[in-house]
Amino acid sequence: MTTPGVEPAAEEIGANRWFVLLRDDVGYALWSAAEEDDGPIVTFPDSEAGFDDAWGAFERRTRRARRGRALGWLAAGVAVSGGLWALGSVVEAVLYTGAATGLFRSISSIYTWAVGADSAARIVFEVALATYVVVWMELRRRD
Amino acid sequence: MDASEVIERSWSHFLTRDDEGFALWGVDQDSEHPLLTFPAGPVGEERALATFHIRSRETARVRRFGVAAIIGGAIFLLTNLAEMALDVFPIDPPETANLFTPENLSYKIQAVLLGVEGVGYAILLVSVGWYVVAWLQRRWRREG
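For the protein sequence lines, the chains are A and B, in the order given. For what it's worth, the working numbering labels the leading residue of the first sequence as 1, then goes sequentially. For what it's worth, the working numbering labels the leading residue of the second sequence as 1001, then goes sequentially.
In structure tokens, the structure reads:
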């Protein structure tokens, strides 16, 4: 794996899809694997303690990035289901109000579908939101 | 910050530049120290601008959800109060007041109120949920 801006003499100690840990004459440097033309995220001295700290930072940040991806999926679930619930509520309200005021004549089947979709989106939203909060707190506790 | 120059500003943050580099500040912050600093030069400037835009966008998103929650809550509350008022002060003649038929005016009004109330309730809960998630996501990223 090559990283822009890195001295050719640098030795790769560890790498994954998020970070690259390199060692050169000065010490250890943790780089982001995604960002280009940028400096290292953090550097450590060339010593035994420096290696321990560098490796610890590499593992901790990798773990956090992996968990952050899971949180992102849950957040997307909350966003989508919440949007569907809000949209379903508007459709349901329009159909209900229209039928009650005599604007629409026959809406029973559409209304039933709207209520069903609305309820399903609401359940998904509530479960995704509760899961997100619990997972977030648990991951933070482990950090 | 005396000799610094403001190069970017949003309603939540502003970015200054001086001889030493760039500094990101919160508009409402009490501290005299910046939230973040970046070294002078093109790399520092690029990082500073990117961080400024990300933080401003995240803060704006959280605030938008908060405002939407307040609006949804107000709609829900007002429609509930209006329904109660309709029960206490009936607008139909006494002989038809309790008949739930489309010809009954209070029935029509109640139907509209119920519909709006449902939408307000959904907006309230969805906005609160989005607010919580946006706030936690922002915190997760900042704790890096």
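Note that the Cβ used here is the ideal one computed from N, Cα and C, for glycine as well.
Check, Outcome
"Listed by chain order, chain B residues near Ser89 (chain A) by CB distance under 7 Å", "Gly1118, Val1119 and Ala1122"
"Interface flag, Trp1140 (chain B) vs chain A, CB-CB below 8 Å", "yes"
"For Ile1123 (chain B), the nearest candidate out of A:Ala86, A:Val115 and A:Tyr111 (CA to CA)", "A:Ala86"
"Delimiting residues of the beta strand (DSSP E) encompassing Trp31 (chain A)", "Gly27 to Ser32"
"Straight-line Cα distance separating Ala1023 (chain B) from Val1119 (chain B)", "43 Å"
"Residues bridged to Arg23 (chain A) (per DSSP)", "A:Glu11 and A:Tyr28"
"Nearest-angstrom Cα separation, counted from Arg1009 (chain B) out to Gly1041 (chain B)", "20 Å"
"Beta bridge counterpart(s) of Glu1008 (chain B) as assigned by DSSP", "B:Leu1015"
"Buried versus exposed call for Ile1091 (chain B) [16 or more other C-beta atoms within 10 Å across all chains shown]", "exposed"
"C-beta neighbour in chain A for Leu1136 (chain B), strict 8 Å", "yes"
"C-beta neighbour in chain B for Phe125 (chain A), strict 8 Å", "yes"
"Residue of A:Arg17, A:Ser32, A:Ala15 and A:Gly50 minimising C-alpha distance to Val26 (chain A)", "A:Gly50"
"Pair within 8 Å by beta-carbon distance, Phe125 (chain A) and Ser81 (chain A)", "yes"
"Buried or exposed (CB count within 10 angstroms, at least 16 for buried), Phe1089 (chain B)", "exposed"
"Within chain A, the residues that Ala1111 (chain B) reaches when beta carbons sit closer than 7 Å", "Tyr96, Thr97, Ala100 and Thr101"
"Beta-carbon gap between Ala29 (chain A) and Arg17 (chain A) smaller than 8 Å", "no"
"Cβ neighbour criterion (16 or more within 10 Å) applied to Ser106 (chain A)", "exposed"
"With 16 other Cβ atoms within 10 Å as the buried cut-off, status of Gln1029 (chain B)", "exposed"
"Cβ pair Ala10 (chain A), Asp24 (chain A) closer than 8 Å", "yes"
"Within 8 Å, strictly: CB atoms of Leu84 (chain A) and Phe58 (chain A)", "no"
"Separation of Ile110 (chain A) from Ala1069 (chain B), as counted between CA atoms", "28 Å"
"Contact with chain B by Trp136 (chain A), beta-carbon distance below 8 Å", "yes"
"Beta-carbon proximity list for Ala1134 (chain B), same chain, < 8 Å, skipping 5 on both sides", "Glu1058, Arg1061, Val1062 and Phe1065"
"Partner residues on chain A for Trp1130 (chain B), Cβ-Cβ distance less than 8 Å", "Val78, Ala79 and Gly82"
"Cα-Cα separation between Ala65 (chain A) and Arg1141 (chain B), rounded to whole angstroms", "9 Å"
"Rounded separation between Leu139 (chain A) and Gln1137 (chain B) - CA only", "12 Å"
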